[in-house]
Structure formats: C-alpha cells, structure tokens
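Visitor: Protein chains in written order, with the working numbering: chain A, 346 to 525; chain B, 254 to 644; chain C, 145 to 499. This is the structure I want to talk about, given as structure tokens.
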Amino acid sequence: MSNSILPTSGIKSAEECIDLLEAQLKSFIQDNNIQNPLFVGIRTGGAWVAEQLHQRLNSEHPLSNHNLGALDISFYRDDFSQRGLNPQVKGSELPDSIEGENIILIDDVLMTGRTIRAAMNELFDYGRPASIHLAVLVDVGRRELPIQADIVGTKIELQDSQLVKIEGPTPLTLSIVDKA
Amino acid sequence: MKTEMNTTLIENAQIIDPSLNVNATQTVSIENGSLKFSESSKADNKIDGSGKILIPALIDLQAGIKNIQADSQAAKQAGIGYVCMTPNTSPVIDTPADVTLIEEKNNAVDGCKILPLGALTQGLKGEQLANMYSLQQAGCIALTNSKKPVKDLLVLRRLMEYAATHDILILINAQEETLAKGGLMHEGETATRLGLVGIPESAETIAVAQTLLLAEETNARLHFSQISCARSIDMIRKAKEKGLKISADVAIANLMFTDEHVTGYNSLFNLQPPLRSEKDRQALLAAVNNREIAICSNHMPSQAAAKTDTFAAAATGMNTLTSWFSLGLNLVDRGELTLENLVYASSTLPAEILRLPETSYQLKENTKPVMALIDLKGATQGLSSAITFNV
Amino acid sequence: MNDLISQLLSSPDASLPSPTEVASKVQLNSKGRLKHFLTTEGLSKELLTEILDTADSFISTQERSVKKVPLLRGQTVVNLFFENSTRTRSTFELAAKRLSADILNLDIARSATSKGETLMDTLWNLQAMYSDMFVIRHADSGAAHIIAEKITPNVAIINAGDGRHAHPTQAMLDMLTIRRHKGTIEGQTVAIVGDILHSRVARSQIHALNTLGAKEVRLIGPGTLVPKTMEALSATDEKKGAQVYYDMKEGLKDVDVIIMLRLQKERMSDALLPSESEYFKLYGLTKEKLAYAKADAIVMHPGPINRGVEIDSEVADGEQSVILNQVSYGIAVRMAVMSMAMSGQKEEQAEQESE
C-alpha cells in the first residue's frame, strides 16, 4: 500500500489550524467564564496539539493553573477483537481526581467519533467532571456516532481512499495521503 | 519356516552378507526357497533387483508385541524375519503354556517368526526365579527382566548362576533404580533447562559395572539390552576382552536422537532408556561401525492419545516395529553408518547372539536362509517395501 | 507410520531448532506478537520491555478509584489450577476482573482427571464452552507448552507455573520491581539465593535478566540445590547464563539485587539438606550478610517468606526490602500479559479468517 501525499493547496496547514483553535478557545473560555480549564489531549496526535495549545494560552494569559493531561485510550477502544492491543501503550496521565473539573478534550482528527466515545468512557472512570468540551484540529466528517466538536480548526472533505496524517510533535504537520 | 513352491529370479540386486564377507551385485534365483547364485531359466516371476538389497532377514532383539498376528505380518512386509517378543504382557510370559499360545497364534498367519522372551523372575516381580529351564525347553530363546528391577544384587547373582547351569542367554536392561527414580530424561543441561528430573549416566554405568562383575563370578551368558552410554560400551568391551560371554544392543532411537530432541517437550522422546548426549550417540555409532553391538527396535507402542499429554504423564516408548531399519538407512544416507555395518548389526550379530543355526542366516548357495529383499529407496522413505523369504 | 518418523525420513537434514527458537515459535504469532505467555525464554528484549511498559500503564489504572478497564469485556478467562495456589490464583482472578473479563475458576486435582478424562478432553471441553484464555498451573514441567502447541493452540495460554520449568509472570513482576527501584535492569548484578534446582521462578528470572541486559546473574546455594548445569541457561557463545557460588560472602559481593527463594521443608527429608538451622547459618539473609552487597542493594522474595529460614525478619521488614512492592506489581503485570496474549490471538484469528 503506497501512501501518496497530495498537494495541500486550499487546505490549511497545521500551524494555521492551531492559530484558529487558539483564538476560538480563548473566546470560548472567556465567554463561558470557565475557571481553570483542564486540557486533556488524546494520545498521540491530540496530546501534541494539547501541549501546543496549553503552551500558547499559558504564556499569554495570566489565568492561573491551566492544567494539562493526556489520555491513552488503548484500553477503552471498541475494536480489540479485530485489531488487538496497540503495542505502544503509554498510559494516561491525569490528576488523581477530575471531580468537578471543566475539561477541554483535545484530539487531532475527528472522524467516526469512536475515539471520543472511548475517551469519555475513560474520563468517567476517573471521576465526574463538571463539563467536557471537545476541540479538534481537523474534522473530516464520516461520523458513525452522534458526536460533534465544540471547536474545530478546519473541516476537510476526503475521498474514500484518502486519510489525514498528522506528524509531530514539532514541527506539527498536516497532510492528506491516498491509500490507493 | 514356510517354503514358497516356485522360482523367483532377482536380477542385479546388491547381495550383502557380512558373515561371509559378501557384498556384490549379481543375479540370483530362489528355487523353492533355495538360494542359487545363477540365473534360472524357468523363473515363475522376475524381480528387477536394481536399487534393492538381498540380505539375511532382519532380526529384532526386543519389541513389545501387542497383537501377534497383525504385528508379525507387518514386520514380515518390512523385511524382518524374527522378532523377540518381550514378556511384559498380560499375563507375563513365565510359563510354558504362555509360550505355546504365542506359537499357535504366530503359526496361524503368514508373518515373521515371533521368538518369545521368557521372564527371568516370576511375574517379572524381580524376586523369585522363573522356571527358566522349562521356558527354554518350551521355546524361549532367552530370558529377560524386561526393564523391570531385580530386587537386589543377591537375587541377580542367583539368576545368573541358575541360568548358567543350562547355558541360558539372559537379556538385562541395566538400570540402578534408586538413581533413576523419578527420572524422565538424561540428566544434563537440557533436563535442567526444561525442569525435567534427570536420569544420571551413573544409573546405567553402575548397573552395567555390577552386572559385569557378577557375570564374571557366575560365568553367565549375558546380553545388555539397549545400552545408552559411551562408558557402558567401554566397560563391555573390556569384559569381552577378558573372555566373558557378553553382548549388547542399542535401540535405534539412541543412534538417531539425543537429549536435545526433548526440547519442546515432544513426548515422542519420552523413552526408556533415555536419549543421551551427542557424545554418547557418537560412541554408540562407532560401536556399531566397529561391529561391537547390535541394533534393535525397542518397539514400545502406545496410542496417540496416550502420547498427547504432559511429558511426565505421556506413555513411554516409540513405535518402531516396522521402521527401525528405515531409520538405520537414514543414518547410512547421512554417512554415520555404512550399509554393511547396518546389516551386520541388524541381522548377522543378532543371529549370532541368539545362536540361530547358520543355515538360517547365512546366504550360502543351495541353502534356505531366511532372507529379505529390500527396496532401498522405498525403505528409506519409510515404506514397507520388502519381500521376506523362507519364514 | 509415526508422524515424526515419516517427517524425519522425508527431511533427514533438517537441523534441530535451538531452545530459543522453540520457545519463541510457540509463543508468537506470525507478526511476532505474543499469543501465549509460557516462558521468558525465547522472547526478545523489545517484547519483554513492552510487557514492562504495558504493566506500568496498568499500575496507574490500579491507583485510581475505578480500577477496571473495559479491554477484555466479553472475553472468558478460565483459571485452570492443577496444582493448588490460592495466592497466584487470586491475583490472576483479580487481574482478569480488572480487565472486565468473565472469569471461571477450576481447581482440578490431578486424580480427578486420571479418573477417565484425559488432559486433552478436559481442555477440549472447556474450549467448546467458548473460553478465550486459560491460565494454567500444573505440576508437570512443559504442561503449558504442550497445551499451547498441541492441545488448544487457539486459546491464549498463560503459564501460571509448570513443575520446575517456568513461572514467567512472577519473573516479569520481579523485573518490573527491579526496573522501578533501580531505574533499569541493564548492567545490574543480581544474585538468586536458595533452592535453584526446584525453582521455576529462578529459571524464568535467569532468562529475563539475561535478555534485559543484566551484567551478571549469580546463583548461590549448596551443591545439592544449585546444579552447575544452570549456568547454561540463556548462555551465549560469549557469556555464561549464570555463575554458581557456594559461598554466600563471595556471591553477594557488590551485588545490586538479591532475590531470596523459599526453602521447602521436603528438602530436608529428601536428603538434600541436613537442617533449616545449618541452611540459615550458611545461606540465610541476615543484616550481616546483606552488608556484603552494595549499600543500596534491594532485597526481593517471590513469597511466601519463611522468616528465620531463608531470611531474617530484620531484613525482610527492613529498608532495603521491596518485597511488598513486588506483590502490588503482580496484578499489573498479569493484566499486561493477559491483554497482550489475548490481543495476539485475536490478531491471528482475524488473519486466518481473512485467508
């Protein structure tokens, strides 16, 4: 299977998407008066995005305690019987309790919605958050579950044989590859 | 011995008889069972002997026979003329009546000749002498302890003294029970790695040493069944040099495999005696090539289900009734044995040990020896492709 | 015609596979992923490290209030203990439950199976009940291997201890303990003290230590309990697998990790040892003997400990002892190998179905 990288004219770069997310998040947090949001990135791509966003918002705004966590959903996926266990399990890093926290759940690509479903199940095993809002770098549609993001960097429409590929952590790049 | 009433012409087979130093390709005829080194004009059937050997029929010094009729027929088709049947049957072969029954069953079919081995002790319990003389008279070619322990050295010595009175051949499986107890394989690196209890070399060598010293005192005619250690060969050789009436055989498995084959816990290699080290295997091969020891099948059959279990729980033994010579040919192919030495160890020497009449195993013209024509290629692939004459 | 014999006759030049090759072939699927966990022998450094890393992630899930993860939900795990052990069995049970699997406990005394039902039949019947994994403890060495290779290869087999041969989950939790307290196993000098001859734990530890880069493995004990042949385990052309010492002072010199093994009372009656007191004098770990090792050496014991026989209470409860930590890592390690083996099986079955 050769992955051919397609030209990305007309498609935003990862940098541009993060700029957009940063801006939207700032207003979102302000408008909703969210105190001490907990940024949780889903490994691996989502964690890279979360780290960048956390750095940017932390350095600009003197809001105290922007917390950063990471979620490894390997143990919560719904496709164990088909695909087995991911060999690169790193584990999750969250504070001991997320009781009452306002979580900004961050992922790189939103497609079927299954990853987010698994992430939310895992979060609830850690405790009962006050709220969860979802921010994604790229939304490519093709949902299989009723899940939507609150904040989106960019929307891309893909052909059947295409996939979005995110590489990182620095530099963070976004490309479209063709499975064919 | 059954005699075919016809004439068979065998063209260009390799005739091998180590007892007469014969190894030549030539055409022979078998007229009503009688061997002729010439072409016969009135042949009923012609066999193309190329790629085949004509040898004195194979003689198996030790096999556990489960079904006399089926086993003897299968053996004959593999070129085996005689099979010594171990007495560890149910009931144990320790009375003349048992022997007669075996003979009757054997004679009822067209199979090889079954030579019953009688028990050395009553019920093979290792304590009381069996009726050795009566067993010999009834037709037991030799007596054996059949891998069962003899109670102690005093009983062993008495067995030998009594047997020596009638010049009865004793087959002994030499193993010191307390050292071998619980053992599943040869003691060594492989046993340690696999976590299996080992049978040290000394379990055999000590028993061999003790038995040899007693043989010297009692003047018994003694054969060691299935030795496995290089050291045992050395001791036996020295005893023979002293003039003692000692012989020995090795199981085909010990010439082919070593303790390393047990890695993976394949219960096929749960054997008695156990497979020893490569050094031992080389010494056993050298002894065969030196014409010091015979080869036997050590056939100990079991059902497939009995072998599909943990190593410790699996039945001991390998099913080699018809395949032991094929495995030997494998060794010849690999260059580890010569064909002549293989035939010597599988036919000639066993015949001499059992003191069979020369006419039954020497390929002399105008005699009716028990012989086998074996297709080498087929046999090497494990097919029973042999014709056995005069049995 | 016997299978092996006809196999042999058709390929007489096939060379004997090495013990490492045999051990890895039976445990790994076509992609090199674990599908049975039978022994630490034959597994690569990468794979053993993956087990430790996966166990680490499970440790964090064990520290939160909801200790379950849904990974093995819908899978059936059967604990088949042919040899009794409440401790090991309950840790496997707990591990399975925390992976959300369904668990069935079967204590099969050896005599029950010998009343007609063979090992083969017992396992085939269980497999027919849609079991996905068997955790097996058996008194016969090689039991787990035969079951995985010949009897139920499509059920993930986890070896919970077979005779004297292997106890791989214990060895891996010991490796995790060393890694957590020493940072790494690489370059460590590790001494194993006691009844090595009868110990399946020791054999598994020796393989794992060598694969993970320990500098030296030392085996300490009397001649009756520490055979020289143990030095060949995981040996390479360049290096012995272990070094036997009969003198504890010499053996413990500058050691980083000391693993004490349990001494069983039967050893006295089998003429292997004269008495517990003489054993303790020579090989019992006291504060004095501990001083021969490095000052920051850690003391481990697979348990249960015999106080005053192989180890002094002062040492067992002392600063350098990590014995209780070992126990806590046991569940995470078992969760890791159960997940990985189940995963490897599913992967293989998916591949077979697509063919």
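Every residue gets a Cβ at the ideal spot worked out from N, C-alpha and C, and that includes glycine. Please read all numbers here as calculations on a predicted model, not as lab measurements.
Which same chain residues end up closer than 6 Å to residue 443 of chain A when comparing Cβ atoms and leaving out the 5 residues on each side of it in sequence?
Guide: The sequence position of residue 443 of chain A within the first sequence is 98, counting from 1. These residues qualify, in order along the chain: 471, 472, 474.
Visitor: Taking residue 412 of chain C as part of the beta strand (DSSP E), name the residues at either end of that continuous run.
Guide: Walking along the third sequence from the start, residue 412 of chain C turns up at place 268. From DSSP, residue 412 of chain C is part of no beta strand (DSSP E) but of the alpha helix (DSSP H) over 410-413.
Visitor: Compile a chain-ordered list of the residues in the region 416-436 of chain C whose CB is closer than 8 Å to at least one CB of chain B.
Guide: Listed by position along the chain: nothing, the set is empty.
Visitor: Assuming residue 464 of chain A and residue 370 of chain A form a contact by the criterion Cβ under 8 Å, report the distance between their Cβ atoms to the nearest whole angstrom.
Guide: For this step, residue 464 of chain A is matched to residue 119 along the first sequence. For this step, residue 370 of chain A is matched to residue 25 along the first sequence. With a Cβ gap of about 18 Å, residue 464 of chain A and residue 370 of chain A do not count as contacting.
Visitor: State the start and end residues of the unbroken beta strand (DSSP E) segment that holds residue 264 of chain B.
Guide: Against the second sequence, residue 264 of chain B aligns to sequence position 11. Element bounds for residue 264 of chain B: 260-270.
Visitor: Pull up the DSSP beta-bridge partners for residue 369 of chain B, would you.
Guide: To locate residue 369 of chain B, count along the second sequence from 1; it is residue 116. The partner list for residue 369 of chain B (beta bridge, DSSP) reads B:338.
Visitor: When the distance is taken between beta carbons, is residue 438 of chain C closer than 8 Å to residue 458 of chain C?
Guide: Mapped onto the third sequence, residue 458 of chain C falls at position 314. Mapped onto the third sequence, residue 438 of chain C falls at position 294. Not in contact: residue 458 of chain C and residue 438 of chain C (Cβ atoms no closer than 8 Å).
Visitor: Are the beta-carbon atoms belonging to residue 447 of chain B and residue 286 of chain C less than 8 Å from one another?
Guide: Here residue 447 of chain B corresponds to residue number 194 of the second sequence, with the count starting at 1. Here residue 286 of chain C corresponds to residue number 142 of the third sequence, with the count starting at 1. Yes; because the gap between Cβ atoms is below 8 Å, this pair is in contact.
Visitor: Please identify the residue among C:402, C:269, C:265 whose C-alpha is closest to the C-alpha of residue 464 of chain C.
Guide: Here residue 464 of chain C is taken as the residue at index 320 of the third sequence, counted from 1. For residue 464 of chain C, the nearest C-alpha among the options comes from C:402.
Visitor: Whose Cβ in chain C lies nearer than 7 Å to the Cβ of residue 518 of chain B?
Guide: For the purposes of this step, residue 518 of chain B is identified with residue 265 of the second sequence, where counting begins at 1. Here the neighbours are 286, 289, 290.
Visitor: In the structure shown, what three-state DSSP assignment does residue 462 of chain A receive?
Guide: Within the first sequence, residue 462 of chain A is the residue found at index 117, counting from 1. It is helical.
Visitor: Using C-beta distances below 6 Å, list every residue in its chain close to residue 409 of chain A, excluding the 5 sequence neighbours before and after it, in chain order.
Guide: Stepping through the first sequence from its first residue, residue 409 of chain A is reached at position 64. The pLDDT assigned to residue 409 of chain A is 46, lower than 50, so where the model puts this residue is not dependable, and the model offers no usable value.
Visitor: Where does residue 526 of chain B land, buried or exposed, given buried means 16+ other C-beta within 10 angstroms?
Guide: Residue mapping note: residue 526 of chain B aligns to position 273 of the second sequence, counting from 1. Residue 526 of chain B is buried by the Cβ-count criterion.
Visitor: Over what stretch of residues does the beta strand (DSSP E) that includes residue 442 of chain C continue unbroken?
Guide: Start at 1 with the first residue of the third sequence, and residue 442 of chain C comes out as number 298. Its beta strand (DSSP E) spans residues 442-444.
Visitor: In chain A, which residues lie less than 9 Å from residue 494 of chain C when you measure between Cβ atoms?
Guide: Start at 1 with the first residue of the third sequence, and residue 494 of chain C comes out as number 350. Simply 426, 427, 428, 429.
Visitor: Which of helix, strand or coil does DSSP assign to residue 362 of chain A?
Guide: Translated into positions along the first sequence, residue 362 of chain A becomes position 17. Residue state, collapsed to three classes: helix.
Visitor: Would you mind stating whether residue 641 of chain B and residue 365 of chain B have Cβ atoms separated by less than 8 Å?
Guide: Locating residue 641 of chain B in the second sequence gives position 388, where the first residue counts as 1. Locating residue 365 of chain B in the second sequence gives position 112, where the first residue counts as 1. Yes, these two residues count as a Cβ contact at 8 Å.
Visitor: By the DSSP assignment, the beta strand (DSSP E) with residue 340 of chain C in it spans what residues?
Guide: By 1-based counting over the third sequence, the position of residue 340 of chain C is 196. No beta strand (DSSP E) contains residue 340 of chain C, which DSSP labels as neither H nor E.
Visitor: Indicate the three-state DSSP secondary structure (helix, strand or coil) for residue 642 of chain B in the structure shown.
Guide: By one-based count along the second sequence, residue 642 of chain B stands at place 389. Strand at residue 642 of chain B.
Visitor: So which of C:404, C:392, C:238, C:268 has the shortest CA-CA distance to residue 545 of chain C?
Guide: Lying before the first or after the last residue shown, residue 545 of chain C is absent from chain C, which here runs from 145 to 499.
Visitor: Report yes or no: is there a C-beta of chain C within less than 8 Å of the C-beta of residue 484 of chain A?
Guide: Stepping through the first sequence from its first residue, residue 484 of chain A is reached at position 139. Not closer than 8 Å to any Cβ of chain C, the Cβ of residue 484 of chain A fails to qualify, so no.
Visitor: Going by Cα to Cα distance, which pick from C:309, C:242, C:338 is closest to residue 219 of chain C?
Guide: Counted from its first residue, the third sequence places residue 219 of chain C at position 75. Closest by alpha carbon: C:242.
Visitor: Name the DSSP bridge partner or partners of residue 564 of chain B?
Guide: Translated into positions along the second sequence, residue 564 of chain B becomes position 311. Answer is none; residue 564 of chain B lacks a bridge partner.
Visitor: Can you tell me which of C:223, C:400, C:315, C:309 puts its alpha carbon nearest to the alpha carbon of residue 447 of chain C?
Guide: Numbered from its first residue, the third sequence carries residue 447 of chain C at position 303. Of the candidates C:223, C:400, C:315, C:309, the one whose C-alpha sits nearest the C-alpha of residue 447 of chain C is C:315.
Visitor: Quick check: the Cα distance between residue 378 of chain B and residue 415 of chain C, rounded to an integer number of angstroms?
Guide: Taking the first residue of the second sequence as 1, we reach residue 378 of chain B at position 125. Taking the first residue of the third sequence as 1, we reach residue 415 of chain C at position 271. Approximately 28 Å between the Cα atoms of the pair.
Visitor: Within the continuous beta strand (DSSP E) that includes residue 304 of chain C, where are the two ends?
Guide: In the third sequence, the residue the question calls residue 304 of chain C occupies position 160. Here the beta strand (DSSP E) through residue 304 of chain C covers 300-306.
Visitor: Would you report the Cα separation of residue 495 of chain A and residue 478 of chain A, rounded to the nearest angstrom?
Guide: For the purposes of this step, residue 495 of chain A is identified with residue 150 of the first sequence, where counting begins at 1. For the purposes of this step, residue 478 of chain A is identified with residue 133 of the first sequence, where counting begins at 1. So the alpha carbons of these two residues sit roughly 6 Å apart.
Visitor: Excluding five sequence neighbours on each side, which residues of the same chain lie with their C-beta closer than 8 Å to the C-beta of residue 295 of chain C?
Guide: Numbered from its first residue, the third sequence carries residue 295 of chain C at position 151. Taken in chain order, the residues that qualify are 263, 264, 267, 268.
Visitor: Residue 166 of chain C touches chain B at which residues, Cβ-Cβ below 7 Å?
Guide: Along the third sequence, read from residue 1 onward, the residue named residue 166 of chain C stands at position 22. Within chain B, the residues near residue 166 of chain C are 516, 517.
Visitor: Taking any Cβ of chain C, which residues in the region 428-460 of chain A have a Cβ under 9 Å from it, in chain order?
Guide: Of all residues in the region 428-460 of chain A, 428, 429, 430, 431, 432, 433, 434, 435, 436, 437, 438, 439, 441, 442 have a Cβ within less than 9 Å of some Cβ in chain C.
Visitor: Pair every Cβ in the region 374-392 of chain B with every Cβ in the region 343-358 of chain B, then say whether three or more of these pairs are closer than 8 Å.
Guide: Segments in contact, yes.
Visitor: Please confirm whether residue 373 of chain C has its beta-carbon closer than 8 Å to some beta-carbon of chain B.
Guide: Here residue 373 of chain C refers to the residue found at position 229 when the third sequence is read from its first residue. Output row for residue 373 of chain C: interface = yes.
Visitor: Checking contacts by CB at 8 Å: is residue 505 of chain A closer than that to chain C?
Guide: Stepping through the first sequence from its first residue, residue 505 of chain A is reached at position 160. It does not; no Cβ of chain C falls within 8 Å.
Visitor: Please return the same chain residues whose Cβ sits closer than 7 Å to the Cβ of residue 419 of chain A, not counting the five positions on each side in sequence.
Guide: Position 74 of the first sequence holds residue 419 of chain A. The residues are 430, 431, 434.
Visitor: If we define contact as Cβ-Cβ less than 8 Å, is residue 272 of chain C a contact residue for chain B?
Guide: Along the third sequence, one-based indexing puts residue 272 of chain C at 128. Answer no: the Cβ-Cβ gap between residue 272 of chain C and chain B never drops below 8 Å.
Visitor: How would you list, in chain order, the residues of chain C whose beta-carbon sits under 9 Å from the beta-carbon of residue 529 of chain B?
Guide: Residue 529 of chain B sits at position 276 when you count from the first residue of the second sequence. None at all; the shortest Cβ gap to chain C is about 15 Å.
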